[in-house]
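Structure record follows, encoded as structure tokens.
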Amino acid sequence: MMRYFAVVLFTVFLAGNALGSQCPTLVKQIDHQLQSAQLDIEAEAKVKELRDRGESLHDQGKHSEAVIALKKAIDELDAAL
């Protein structure tokens, strides 16, 4: 039982770290796409709001929520292009 618990904790720890390192990459991707994108004011504001929310969640250690927000920002960018 203890062994199983240790494996679960280790897996959760690794998953959290993997998601945590994904956030900055997604933020950079969004920033890069925003530089060259021709978006209307509303689409740009929505993408920036999602990007900022994702970065804030990342800073709070809420990496899975941050990844969701950042991927939504990328989806909005793709839809607007």
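Residue numbers for the sequence shown follow our numbering, beginning at 195 and rising by one. Glycine residues also receive a C-beta, built at the ideal position from the N, C-alpha and C atoms.
Counted as a single uninterrupted DSSP element, the stretch harbouring K256 is not any alpha helix (DSSP H), since DSSP gives it neither H nor E. Nearest neighbour of T219 by Cα position, chosen from K266, V261 and L271, turns out to be V261. Between E259 and L251, the CB-CB gap stays under 8 Å.
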